[in-house]
Structures are given as structure tokens and as C-alpha cells.
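Colleague: Start counting the sequence shown at 0; every next residue gets the next number (numbering that gives the first Met the number 0).
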Amino acid sequence: MNGFETVYMTTFRRAQLALGSVENVARAIGASVMEIEAWTDGRLVPPPGAFLLAIDIAARSGQFRPAPESP
Numbered sequence: 000m001n002g003f004e005t006v007y008m009t010t011f012r013r014a015q016l017a018l019g020s021v022e023n024v025a026r027a028i029g030a031s032v033m034e035i036e037a038w039t040d041g042r043l044v045p046p047p048g049a050f051l052l053a054i055d056i057a058a059r060s061g062q063f064r065p066a067p068e069s070p
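#1: In the DSSP assignment, find the unbroken alpha helix (DSSP H) run with L43 in it and report its ends.
#2: Around the C-beta of E34, are 16 or more other C-beta atoms found within 10 angstroms, so that it is buried, or is it exposed?
#3: Can you give me the Cβ contacts of A58 inside the same chain, cut-off strictly under 6 Å, excluding the 5 residues immediately before and after it?
#4: Does DSSP put A53 in a helix, a strand or coil?
#5: Identify which residue in R13, R12, T39 and L52 has its Cα closest to the Cα of L29.
#6: Answer with buried or exposed for P46, where buried requires no fewer than 16 other C-beta atoms within 10 angstroms of its C-beta.
#7: Let me know the secondary structure DSSP gives T5 once reduced to three states.
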């Protein structure tokens with residue numbers, strides 16, 4: 000990893016916050032804990048389907064909020 004937070008890392012981290020653990024995210028997405036950890040740490044890029052499921056998990060929990068409108 001190069002020190003930058005990717006959208007994949009942020010999304011999987013938020014999915015973990017939403018579901019309470021990496022194990023719960025793995026179960027919900029149908030991936031292994033090792034895969035979820037690699038995607039969260041930025042070591043691997045998740046497949047599109049897994050990424051979309053993680054977005055859905057995070058969005059349903061309110062982990063994604065719109066940016067405030069600027070005046």
C-alpha cells in the first residue's frame with residue numbers, strides 16, 4: 000500500500016462498522032475473512048460484485064452521508 004486511502008478501503012471499513020465485524024461482512028458478501036482484510040488494507044482490489052455489495056451494506060446503515068451543501 001502507498002499510504003493513500005482508496006474508495007475500496009473506505010467502503011469495506013464502513014461495511015465492517017455497519018455489520019460489527021470482518022466476519023459478518025465476509026458472510027454477507029460470500030467472501031473469506033482473508034479477502035475482506037486484503038480489500039480493507041488495500042492489498043487487493045475487490046471484484047466489482049463484492050464492492051457493490053459492500054457499498055449497499057454501508058449505505059443501508061447510514062455509513063455514507065451526503066456532503067453538506069456549500070453556501
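For each residue, glycine too, the CB sits at the ideal point set by N, CA and C.
Predicted model only: the values in this text are computed from it and were never measured.
Modeller: Working from what's here:
#1: To locate residue 43, count along the sequence shown from 1; it is residue 44. Run containing L43: none; DSSP gives neither H nor E here.
#2: Working through the sequence shown from its first residue, we reach residue 34 at position 35. Buried, since its Cβ has 16 or more Cβ neighbours within 10 Å.
#3: Along the sequence shown, one-based indexing puts residue 58 at 59. For A58, there are no CB contacts under 6 Å within the same chain when 5 residues up- and downstream are skipped.
#4: Taking the sequence shown and counting its residues from 1, one reaches residue 53 at position 54. Residue state for A53 is assigned as helix, using DSSP reduced to three classes.
#5: As a first step, residue 29 must be located in the sequence shown, where it is residue number 30. Reading off the sequence shown, one finds Gly at residue 29, where the question assumed Leu. Measuring from the Cα of G29, the nearest candidate turns out to be L52.
#6: By 1-based counting over the sequence shown, the position of residue 46 is 47. The residue is exposed, with fewer than 16 neighbouring Cβ atoms inside 10 Å.
#7: Your numbering for residue 5 matches position 6 in the sequence shown. DSSP places T5 in coil when its eight states are reduced to three.
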